[in-house]
Amino acid sequence: MSEIALQQNNEILGHPRGLFILFFTEMWERFSFYGMKALLILYLTKHFLFGDHEASIIYGSYASLVYAMPVLGGLIADRYLGLRKAVTLGAILLVCGHFGMAFEGEPAQRLADQGVARDFLHTQIFYLSLAAIIVGVGFLKPNISTIVGKLYDRDDPRRDSGFTIFYMGINLGSLVATLACAYLGETYGWRYGFGLAGIGMLFGLVTFQRGREHLLGHGEPPDEELLKEQVVPGISRELLIYLGTLGAILAAWQLMQFTGELGIALLVFGALVVGWTIWYSLARCEPVDRDRMLVMLILIVVSVLFWALFEQAGSSITLFTDRNVDMGNVFTAGMFQSINPFFIVVLAPLFAWLWVRLSKAGFEPSTPTKFGLGIVQIGLGFAILVYGTSLAGPDGKVSVIWLALMYLLHTTGELCLSPVGLSMITKLSIQRVAAMMMGVWFLSSSFAAYAAGLIAASTAIENPTTDLIDPLQSLDAYTSVFGNLAIVAVVFGIVVLAISPVLQRRMHGIH
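For the sequence shown, this note's numbering gives the first residue as 1397, with consecutive numbering after it.
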């Protein structure tokens, strides 16, 4: 068989077969991740009877660790395990974690002294399952995307469209999962929603293992002999990594139960990173590089605020939906998280076309302007939701159209800011600290997720004597907090837009 015929035999729709193996693996991984996420805050407040404040902090801590772990998982894969083994390890941990979530145990009970009795064993299984998911995402998420890139030569014209197909898998998985898992979990029982998420991840693991030959040898360990080397008698370096992974799970298991300490660690780390970046920019960089580094730091701070507000979707906005949105008789609160991936699927191609057209006409907004537009739109999303609350009925219920419009504005804001983030880091970082600044970018998402938990906690409606929440009381609380978020975001976004010409000049020719 000729080389051309062999190449065509290894392709589907003009792309390597391996792309579609990775597409379906990632689709099922995102199915499991977003399916569980759609239920998490409701599970915490309704099954374990955590108060809104504590549940929001647990949710934020989980999300912050999920965003932090890929930095470590990517490092271990690059230096030792290789991408394929890292993805397999991550997938196995995710399967275990999601199936572990299905062991819900008996619902918590309120006590006469206003306390709550929770089944200790199943509570610990819950935390341990979250820990397995955290570490599993850390190994799978960054490395599967890297394998996609390795299927193409650097100058292959199919490369961008290949990543577009891959990311469609992410959004397809999250769209279907939030509908299916949330419906099953809230209608028939939590175990069914979490169990379906576990089945989805199991499909992803099987897909990846059965399609290994189509990865064309990409993602293998950089040095097999180094992995086999005995670090201590009887323990190879590879085995030591697996033992270290168990240690990481145990550490995450404890951190999920000591969320205050996690917040302090993130705050100290964030202060050190900001301080170091400012010092390095002023003391070690030439004027042009200094300006670019400082602009990058400012935009990272902007992104933290954006994602802290955007991540309300999985916590305070889901609780608001459950208590104060007229959902009808079919949809459940968690299912409304599917609106965001739906809008992404519909609008992402439009935005991609729009940026290209504006660029050709010389009118494409600069990176700082896109960040400012993103922040303004997320503020307007909250503002329109607050307006909707003013039209609530006497039962404290708001029409679903206002929630949908909020998600629309949050999604368009995401499409302005999110795609340019990684590109901004690669363009503005100086070469000798580029890898570290990429790590800082990912860790900023971790900080934003924890901040999102703190913001959601400020919406807490606590009633220690009953599980019932007065809709009018919750409506007042959410209206107040969401109104403040709208003001902060819009004002901050306008400031970013106002200074964006200055920031653009400090980028010295980089758009």
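Positions of the beta carbon are idealized from the N, C-alpha and C atoms, including for glycine.
Because the structure is a prediction, the values reported are computed rather than measured.
Task: Selected residue, minimal CA-CA separation from Pro1737, among Leu1575, Gly1600, Leu1418 and Leu1479 - done: Translated into positions along the sequence shown, residue 1737 becomes position 341. Comparing Cα-Cα distances from Pro1737 to each of Leu1575, Gly1600, Leu1418 and Leu1479, the minimum goes to Leu1575.
Task: Cβ pair Met1652, Ile1821 closer than 9 Å - done: Here residue 1652 corresponds to residue number 256 of the sequence shown, with the count starting at 1. Here residue 1821 corresponds to residue number 425 of the sequence shown, with the count starting at 1. Cβ atoms of Met1652 and Ile1821: not closer than 9 Å.
Open item on the list: Along the chain, where does the beta strand (DSSP E) containing Gln1626 start, and where does it finish?
Closed with: In the sequence shown, counting from the first residue as 1, residue 1626 sits at position 230. Its beta strand (DSSP E) spans residues Gln1626 to Val1628.
Open item on the list: Quick check for students: name the residue ranges of the alpha helix (DSSP H) that lie wholly in the segment 1504-1571, counting only runs of 4 or more.
Closed with: 1516-1546
Task: Cut-off 6 Å between Cβ atoms - residues of its own chain near Leu1678, not counting five sequence neighbours on either side - done: Residue 1678 sits at position 282 when you count from the first residue of the sequence shown. There are no such residues.
Task: Val1887 and Gly1775 closer than 9 Å at C-beta - done: For the purposes of this step, residue 1887 is taken as residue 491 along the sequence shown, with counting starting at 1. For the purposes of this step, residue 1775 is taken as residue 379 along the sequence shown, with counting starting at 1. In contact: Val1887 and Gly1775 (Cβ atoms closer than 9 Å).
Task: Which listed residue (Ala1847, Arg1555, Thr1583 and Arg1680) has its alpha carbon closest to that of Arg1828 - done: On the sequence shown, residue 1828 is found 432 positions in, with the first residue counted as 1. Among Ala1847, Arg1555, Thr1583 and Arg1680, the Cα nearest to that of Arg1828 belongs to Arg1680.
Task: Stretch pair the segment 1554-1573 + the segment 1483-1503: three plus CB contacts closer than 8 Å - done: The segment 1554-1573 is not in contact with the segment 1483-1503.
- [ ] Output the boundary residues of the alpha helix (DSSP H) element that contains Phe1590.
- [x] What you label residue 1590 is simply residue 194 of the sequence shown in a count that begins at 1. Run containing Phe1590: Trp1586 to Arg1606, per the alpha helix (DSSP H) assignment.
Open item on the list: Using only the alpha-carbon positions, how far apart do Arg1413 and Gly1666 sit?
Closed with: Locating residue 1413 in the sequence shown gives position 17, where the first residue counts as 1. Locating residue 1666 in the sequence shown gives position 270, where the first residue counts as 1. Their Cα atoms are separated by approximately 42 Å.
Task: Rounded Cβ spacing between Met1497 and Phe1590 (contact assumed at less than 8 Å) - done: What you label residue 1497 is simply residue 101 of the sequence shown in a count that begins at 1. What you label residue 1590 is simply residue 194 of the sequence shown in a count that begins at 1. Right, their Cβ atoms sit about 4 Å apart.
Task: Glu1634, DSSP secondary structure in three states - done: Residue numbering aside, residue 1634 sits at position 238 when the sequence shown is read from its first letter. Glu1634 falls in the helix class under three-state DSSP.
TODO: Could you tell me which residues DSSP puts in a beta bridge with Val1794?
DONE: In the sequence shown, counting from the first residue as 1, residue 1794 sits at position 398. Beta-bridge pairing links Val1794 to Val1721.
- [ ] Work out the CA separation of Leu1445 and Arg1426 for me, nearest whole Å.
- [x] On the sequence shown, residue 1426 is found 30 positions in, with the first residue counted as 1. On the sequence shown, residue 1445 is found 49 positions in, with the first residue counted as 1. Cα-Cα distance, rounded: 27 Å.
Task: Spatial distance of Pro1683 from Gln1900 (CA atoms) - done: For the purposes of this step, residue 1683 is taken as residue 287 along the sequence shown, with counting starting at 1. For the purposes of this step, residue 1900 is taken as residue 504 along the sequence shown, with counting starting at 1. Going by the C-alpha atoms only, they are around 15 Å apart.
TODO: Could you pull out every unbroken alpha helix (DSSP H) segment of at least 4 residues lying fully inside the segment 1729-1779, listed in chain order?
DONE: The qualifying runs are 1735-1757.
Open item on the list: Could you check whether the segment 1437-1454 touches the segment 1512-1522, counting it as contact only if at least three pairs of C-beta atoms, one from each stretch, sit closer than 8 Å?
Closed with: The segment 1437-1454, when compared against the segment 1512-1522, does touch it at the 8 Å Cβ threshold.
TODO: Can you say whether Leu1415 is buried or exposed, counting buried as having 16 or more other CB atoms within 10 angstroms of its CB?
DONE: For the purposes of this step, residue 1415 is identified with residue 19 of the sequence shown, where counting begins at 1. Leu1415 is buried by the Cβ-count criterion.
Open item on the list: Looking only at its chain, what residues have a beta carbon closer than 6 Å to the beta carbon of Gly1565, apart from the 5 residues adjacent to it on each side?
Closed with: In the sequence shown, the residue the question calls residue 1565 occupies position 169. The answer, listed in chain order, is Phe1419, Glu1422 and Met1423.
Open item on the list: Can you list, in chain order, the residues of its chain with a C-beta nearer than 7 Å to that of Gly1594? Leave out the 5 residues immediately preceding and following it.
Closed with: Translated into positions along the sequence shown, residue 1594 becomes position 198. If we look at Gly1594 and ignore the five residues flanking it on each side, its Cβ neighbours are Ser1428, Val1491, His1494, Phe1495 and Ala1498.
- [ ] Consult DSSP for Glu1502 and reduce its assignment to one of helix, strand or coil.
- [x] One-based indexing of the sequence shown puts residue 1502 at position 106. Coil, per DSSP.
Open item on the list: Below 8 Å, how does it come out for the segment 1778-1794 and the segment 1863-1876: are there three or more Cβ pairs, yes or no?
Closed with: yes
TODO: In angstroms with no decimal places, state the Cα-to-Cα distance between Gly1758 and Val1752.
DONE: Working through the sequence shown from its first residue, we reach residue 1758 at position 362. Working through the sequence shown from its first residue, we reach residue 1752 at position 356. If I take the Cα positions, the gap works out to 10 Å.
TODO: Would you mind reading off the limits of the alpha helix (DSSP H) that contains Gln1869?
DONE: Here residue 1869 corresponds to residue number 473 of the sequence shown, with the count starting at 1. Taken as a continuous stretch (DSSP letters only), the alpha helix (DSSP H) holding Gln1869 covers Pro1867 to Arg1902.
Open item on the list: Beta-carbon within less than 6 Å of Ser1712's beta-carbon, same chain only, minus the 5 sequence neighbours each way: which residues are those?
Closed with: Translated into the one-based positions of the sequence shown, residue 1712 becomes position 316. Once the five neighbours on either side are set aside, the close Cβ partners of Ser1712 are Ala1852 and Thr1855.
- [ ] Kindly list the residues whose CB is nearer than 6 Å to the CB of Ile1826, restricted to its own chain and excluding five residues on each side of it in sequence; keep chain order.
- [x] Position 430 of the sequence shown holds residue 1826. Once the five neighbours on either side are set aside, the close Cβ partners of Ile1826 are Asp1685.
TODO: For Glu1407, name the three-state secondary structure that DSSP assigns.
DONE: On the sequence shown, position 11 is the one that residue 1407 refers to. DSSP places Glu1407 in strand when its eight states are reduced to three.
- [ ] Have a look at Gly1656 and Glu1450 and give me their C-alpha separation to the nearest angstrom.
- [x] Here residue 1656 corresponds to residue number 260 of the sequence shown, with the count starting at 1. Here residue 1450 corresponds to residue number 54 of the sequence shown, with the count starting at 1. If I take the Cα positions, the gap works out to 11 Å.
Task: Enclosing alpha helix (DSSP H) for Gly1486 [first to last residue] - done: By one-based count along the sequence shown, residue 1486 stands at place 90. First-last of the alpha helix (DSSP H) with Gly1486: Leu1479 to Met1497.
TODO: Output yes or no for whether 9 Å exceeds the beta carbon distance between Gly1378 and Leu1436.
DONE: Residue 1378 lies beyond the residue range present for the chain, which begins at 1397 and ends at 1907; the question has no answer from this structure.
Open item on the list: Can you check which of these residues, Ala1504, Tyr1846 and Leu1818, is closest to Met1833 by C-alpha distance?
Closed with: The count along the sequence shown starts at 1 and reaches residue 1833 at position 437. Considering only alpha carbons, the answer is Leu1818.
TODO: Report the option in Asp1718, Leu1440 and Ser1699 whose CA atom is closest to the CA atom of Val1892.
DONE: For this step, residue 1892 is matched to residue 496 along the sequence shown. From the listed residues Asp1718, Leu1440 and Ser1699, the smallest Cα separation to Val1892 is found for Ser1699.
Task: From Val1898, Ser1841, Ala1894 and Leu1864, residue whose alpha carbon lies closest to that of Leu1461 - done: Counting from one through the sequence shown, the residue named residue 1461 turns up at place 65. Of Val1898, Ser1841, Ala1894 and Leu1864, the residue nearest in Cα terms is Ser1841.
Open item on the list: Helix, strand or coil, according to DSSP, for Pro1683 in the structure here?
Closed with: In the sequence shown, counting from the first residue as 1, residue 1683 sits at position 287. In the structure shown, Pro1683 falls within a helical segment according to DSSP collapsed to helix, strand and coil.
Open item on the list: Quick check: what's the CA-CA separation for Tyr1430 versus Leu1805?
Closed with: Counted from its first residue, the sequence shown places residue 1430 at position 34. Counted from its first residue, the sequence shown places residue 1805 at position 409. Approximately 20 Å, taken between the alpha carbons.
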